[in-house]
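For the sequence shown, the numbering used here gives the first residue as 1051, with consecutive numbering after it. Using N, Cα and C, we set each Cβ at its ideal position, and we do this for glycine too. This structure is a prediction, so every number in the text was calculated from the model and none was measured.
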Amino acid sequence: MQERYVMSDFVLKTANLSYAYPGGSTLVFKDLQLKKQEHTLVLGDSGSGKSTLLNLIGGFSYPHTGQVEVNNQVLDELSGTSLDRYRAQNLGFIFQEAHLLRNLTISENIQLAQSLAGLAVDQPSINDILRKLQLDNFSSRRPNQLSRGQIQRAAVARALINKPTLLIADEPTASLDDKNTFLVIDLLKELADQQGSTLLISTHDKRLKDQFNNSYILEA
Ligand code: ADP
Ligand code: MG
């Protein structure tokens, strides 16, 4: 019983993770454990393995060794549609480039995230999160009618709409100027706190270190 209680304190646990690209060297990751509602920065130069690590944690690729546990579920034990469903319900993912579908409006892109998680479309919640991100006047625009900062805020809205336990953002500010960088980081922290999400953000930007209590440093 004691053991189970301790386990449930963690939203994420990685153990002995490594990944080998075909023909490349093997990347080895020290263990990472995140508690509920913590904010953690993954800091490393270009090529140090940030995207590789976050893709393993998101279940987008399989580790060479080791395992990832999200909410006490080992990702390796899921596959296909059960993995897709688990990811949509438990994880929010923000990529360096927003990956919004360009034929859909901002509102429709977020509706799609709800549908993929098997949830009913909840337009009032969508309007609410768009308002918090100062996008309420842009909900019926398509991505190519928005600025980079607005697109990245729309990606934040999409990642947060299902109230994920764990929100993962891979260099979410890489394409933004200084003003938008700090705006997006502040919004991510504030919204994650409001909905009780744990936050894991990667960056090569050492200036962001001061904004976080916890950091996980990758050596290139
Ligand atoms: P980061 O996100 O920190 O810039 P990555 O995780 O993308 O780093 O890359 C880590 C290492 O893995 C780098 O040395 C990179 O060259 C290598 N790598 C990344 N993607 C591939 C790939 N598809 N094939 C071979 N090597 C790769
Ligand atoms: Mg990367």
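Three-state secondary structure (DSSP) of residue i
i	result
glycine 1142	strand
isoleucine 1267	strand
asparagine 997	Residue 997 cannot be examined here, being either before or after the span of the chain that is shown, 1051 to 1270.
isoleucine 1251	strand
alanine 1170	coil
alanine 1224	coil
arginine 1199	Just to set this straight, residue 1199 is glycine in the shown sequence, not arginine. It is helical.
phenylalanine 1060	strand
glutamine 1311	With the chain covering 1051 to 1270 only, the question about residue 1311 has no answer from this structure.
serine 1190	coil
Residue environment, residue i, which counts as buried when at least 16 other CB atoms sit within 10 Å
i	result
arginine 1137	buried
glutamate 1119	buried
alanine 1070	exposed
proline 1193	buried
valine 1234	buried
glutamine 1173	exposed
tyrosine 1151	Note that residue 1151 is leucine in the sequence shown, not tyrosine. That one is exposed.
Supposed contact pair residue j and residue i - C-beta distance, whole angstroms, cut 8 Å
i	j	result
serine 1265	leucine 1106	Actually they do not touch by this definition, with Cβ atoms about 19 Å apart.
serine 1189	isoleucine 1156	5 Å
lysine 1100	leucine 1217	The pair is not a contact, with the Cβ atoms about 16 Å apart (cut-off 8 Å).
leucine 1250	threonine 1090	5 Å
leucine 1062	glutamine 1083	7 Å
request  = Could you tell me whether the segment 1200-1216 touches the segment 1236-1244, using the rule of 3 or more Cβ pairs below 8 Å?
outcome  = Note that the segment 1200-1216 touches the segment 1236-1244; at least 3 beta-carbon pairs, one per stretch, sit closer than 8 Å.
Given 8 Å, three or more beta-carbon pairs between the segment 1068-1082 and the segment 1110-1122 = The segment 1068-1082 is in contact with the segment 1110-1122.
request  = Report yes or no: do three or more beta-carbon pairs, one from the segment 1215-1227 and one from the segment 1130-1148, lie closer than 8 Å?
outcome  = Contact between the segment 1215-1227 and the segment 1130-1148 is present, because at least three Cβ pairs lie under 8 Å.
message = Residues around the ligand MG, please: the condition is that the C-beta lies closer than 5 Å to some non-hydrogen atom of it.
response = That query returns the following residues: Lys1100 and Ser1101.
query = Taking one C-beta from the segment 1250-1269 and one from the segment 1175-1193 each time, how about it: are there three or more such pairs within less than 8 Å?
reply = Touching, no.
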